[in-house]
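In my numbering, the protein residues as written are 4 to 216. Even glycine gets a Cβ: it sits at the ideal position worked out from N, Cα and C. A quick write-up on the structure given underneath.
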Amino acid sequence: MLHTIGSGAAVHYLAQNPGGRKEAEVLADLEQAQEDLRKRKALDHLDNLRGKAIEPLFWDFRSSVQLNLSAQHKPLVERCHNFFDLNNLLTSLRGCSAAYEELLKASEPFCEEYDLVTEFWVQCADLEDLKYVRNREVHCSVADSANFISSVCDDFEAFPELDQAWAMIEALANYGGKHASALDAAAEAQRLAAAKVTAKFKQRRQQKNQHML
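Given below as structure tokens:
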């Protein structure tokens with residue numbers, strides 16, 4: 004958790020750098036550094052959630068929608084394999100089809116269960132467009148990331164750069180928070196599977212190179 008920077012930090016800096024800048028200037032820089040760090044951490048946690056939760060979120064959402072659709076319209080949703088597909092489908096139906104209204108109605112139970120904004124999926128492209136921090140040395144649990152991003156959602160005015168994707172961000176945080184253990188377990192299983200394949204690749208290449216000597 005980040006701590007509020009007090010004037011003591013500025014006083015310490017000035018004591019180490021006599022004749023330097025004014026305390027107010029140093030304090031302002033320290034506060035800006037704290038704000039920048041929080042924004043970087045927010046993107047790091049958001050990237051963690053996106054990587055682990057976006058696909059399970061979509062498939063659970065699609066299943067919920069299908070349960071509430073008529074047999075006539077279920078095939079429309081079955082052809083959707085991600086939020087982009089779903090958004091394109093609804094965009095094509097918007098304003099000119101009873102299917103659009105039925106699909107929206109069918110999405111309401113899931114949105115209510117996870118406390119989400121209706122039509123949160125329209126921001127899927129904006130979520131992808133965000134510039135993420137690729138700090139792979141930080142291994143966060145889904146629960147930690149969900150809690151951090153939930154606090155960011157509460158302080159939305161401090162993150163104007165996320166304005167176009169808040170509904171999708173909230174969806175990741177709320178869904179991730181409810182399924183944290185399962186999502187972390189799935190991500191770890193995928194990591195181990197990938198590591199196993201990499202080990203096989205390296206062994207095969209080493210054997211191949213030895214035969215060529």
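For residue i, count the other beta carbons within 10 Å of its own beta carbon; 16 or more makes it buried, fewer makes it exposed. Which is it?
| i | result |
| --- | --- |
| residue 91 | exposed |
| residue 64 | buried |
| residue 195 | exposed |
| residue 166 | exposed |
| residue 214 | exposed |
May I have the straight-line CA-CA distance separating residue i from residue j, to the nearest angstrom?
| i | j | result |
| --- | --- | --- |
| residue 112 | residue 204 | 46 Å |
| residue 73 | residue 57 | 26 Å |
| residue 197 | residue 98 | 45 Å |
| residue 59 | residue 210 | 39 Å |
| residue 77 | residue 39 | 46 Å |
| residue 168 | residue 190 | 24 Å |
| residue 94 | residue 109 | 16 Å |
| residue 170 | residue 208 | 46 Å |
| residue 138 | residue 54 | With a pLDDT of only 49 at residue 138, under the threshold of 50, the placement of this residue in the model should not be trusted, and no figure is reported. |
| residue 185 | residue 144 | 11 Å |
| residue 154 | residue 201 | 37 Å |
| residue 216 | residue 199 | 26 Å |
| residue 131 | residue 158 | 21 Å |
| residue 41 | residue 129 | 21 Å |
| residue 123 | residue 160 | 19 Å |
| residue 187 | residue 50 | 14 Å |
| residue 117 | residue 87 | 20 Å |
| residue 192 | residue 61 | 20 Å |
| residue 162 | residue 85 | 26 Å |
| residue 100 | residue 206 | 57 Å |
| residue 48 | residue 212 | 41 Å |
Out of the options, point me to the one whose CA is closest to residue i's CA.
| i | options | result |
| --- | --- | --- |
| residue 66 | 166, 177, 104, 80 | 80 |
| residue 44 | 213, 151, 93 | 151 |
| residue 173 | 119, 62, 126 | 119 |
Quick one: what's got a C-beta closer than 6 Å to residue i's C-beta in the same chain, skipping five residues either side?
| i | result |
| --- | --- |
| residue 8 | Caution is warranted here: a pLDDT of 46 is assigned to residue 8, below 50, making its placement in the model unreliable, and the coordinate value is therefore given only provisionally. Excluding residues within five positions, the ones whose Cβ falls inside 6 Å are 33, 34, 37. |
| residue 146 | 183 |
| residue 96 | 102, 103 |
| residue 69 | 77, 80 |
| residue 164 | none |
Leaving aside the five residues before and after residue i along the sequence, list all residues of the same chain whose C-beta is less than 7 Å from its C-beta, in chain order.
| i | result |
| --- | --- |
| residue 149 | 52, 176, 179, 180, 183 |
| residue 83 | 65, 89, 92 |
| residue 127 | 86, 87, 90, 171 |
| residue 125 | 90 |
Under the criterion of a Cβ to heavy atom distance below 6 Å, does residue i qualify as lining the ligand NAP?
| i | result |
| --- | --- |
| residue 122 | The ligand NAP is not part of the structure shown, which contains no ligands of any sort. |
Can you list, in chain order, the residues of its chain with a C-beta nearer than 8 Å to that of residue i? Leave out the 5 residues immediately preceding and following it.
| i | result |
| --- | --- |
| residue 134 | 46 |
| residue 105 | 72, 73, 76 |
| residue 121 | 107, 110, 111, 114 |
| residue 2 | Because the chain here runs from 4 to 216, residue 2 falls outside it and cannot be looked at. |
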